[in-house]
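Asker: The opening position of the sequence shown corresponds to residue 93 in the numbering used here, with each subsequent residue numbered one higher.
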Amino acid sequence: MTFDLRKGCFYKAVVIIASLLCVAYNSYAQQKLPVKEQNEAFVDSVENIFPKPLGLVNDYSNVLTDDQVSFLSDLLENYKKDSSRHVVLVTIDSMEPYQDIVNYGTDLGNFWGVGTKEKNNGILIVFCKPCSQVGIATGKGTELVLTNQICQEVVNKDMLPKFKNNLYYDGLLSGVESLLKQWK
93 MTFDLRKGCF
103 YKAVVIIASL
113 LCVAYNSYAQ
123 QKLPVKEQNE
133 AFVDSVENIF
143 PKPLGLVNDY
153 SNVLTDDQVS
163 FLSDLLENYK
173 KDSSRHVVLV
183 TIDSMEPYQD
193 IVNYGTDLGN
203 FWGVGTKEKN
213 NGILIVFCKP
223 CSQVGIATGK
233 GTELVLTNQI
243 CQEVVNKDML
253 PKFKNNLYYD
263 GLLSGVESLL
273 KQWK
């Protein structure tokens, strides 16, 4: 005895189940859209993960004095005016739910819109003192000049030695200056 799969109840059941699976998958896939295209409930949760931008220097950890924030802000603002490139500095107390600071920085930079959309020319330097991590996240356009290797060298040579001596401002300033010199 053989079954003709195109006839009868069995065929109809297979078609219905396949259709339901397609609808269920499509509903699930729509939940994975970029932040701006998702529903408000998800956007609210992202806004709870990421702080609101204060400017080019965002010292949420209070590791910098007001004068240091002002100096760094002026330095980055002048660079932005002269080059149209965006460099943003952020200090944070937590990067939860992230494990990797560069991934956090990349998502934060994308969420804030660091850099221009056309050139994708942004850098976000993020420092988490309690996590003992610092990272440099770059836009795709920036990576053509400041590769991940160059950014890691800036962290290792210019920033970490100063951080180990609790000289956070000196480390951040040294890292910023090194990046600006190399980003021509």
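Glycine included, C-beta positions come from ideal geometry on N, C-alpha and C.
When burial is assigned at 16 or more other CB atoms within 10 Å of the CB, is aspartate 166 buried or exposed?
Answerer: It is exposed - the Cβ of aspartate 166 has fewer than 16 other Cβ atoms within 10 Å.
Asker: Please list the terminal residues of the continuous alpha helix (DSSP H) segment that includes valine 237.
Answerer: Neither: valine 237 is in no alpha helix (DSSP H) and is coded neither H nor E.
Asker: So the alpha helix (DSSP H) valine 206 belongs to, where does it begin and stop?
Answerer: Run containing valine 206: none; DSSP gives neither H nor E here.
Asker: Are the region 245–254 and the region 184–196 touching, with three or more C-beta to C-beta distances below 8 Å?
Answerer: No, the region 245–254 is not in contact with the region 184–196.
Asker: I'd like to check one pair, valine 182 with isoleucine 141: are the Cβ atoms closer than 8 Å?
Answerer: No, the Cβ-Cβ distance between isoleucine 141 and valine 182 is not below 8 Å.
Asker: So isoleucine 215 and threonine 234 are supposed to be a Cβ contact under 8 Å. How far apart are they, rounded?
Answerer: Right, their Cβ atoms sit about 6 Å apart.
Asker: Leaving out five residues on either side along the sequence, give the residues of the same chain with a beta carbon under 6 Å from the beta carbon of proline 222.
Answerer: Contacts found: Asp185.
Asker: Since glutamine 191 contacts isoleucine 242 with CB under 8 Å, what's their CB separation in whole angstroms?
Answerer: Going by Cβ atoms, the distance from glutamine 191 to isoleucine 242 rounds to 23 Å, so no, they are not a contact pair.
Asker: So what's lysine 256 in DSSP terms, helix, strand or just coil?
Answerer: Looking at lysine 256 - three-state DSSP - the assignment turns out to be coil, as it is neither helix nor strand.
Asker: By DSSP, does leucine 265 sit in helix, in strand, or in coil?
Answerer: Note: leucine 265 maps to helix in three-state DSSP.
Asker: With a CB to CB cut of under 8 Å and the five nearest residues on each side skipped, what residues in its chain are close to lysine 172?
Answerer: Excluding sequence neighbours, lysine 172 sits near Leu148, His178 and Val179.
Asker: Below 8 Å on the Cβ atoms is my contact criterion, and I expect alanine 229 with glycine 267 to pass it. Report the Cβ-Cβ distance as a whole number of Å.
Answerer: Rounded, the Cβ-Cβ distance is 13 Å, inconsistent with contact.
Asker: Classify leucine 272 as helix, strand or coil using the three-state DSSP reduction.
Answerer: Of the three classes helix, strand and coil, the one that applies to leucine 272 here is helix, per DSSP.
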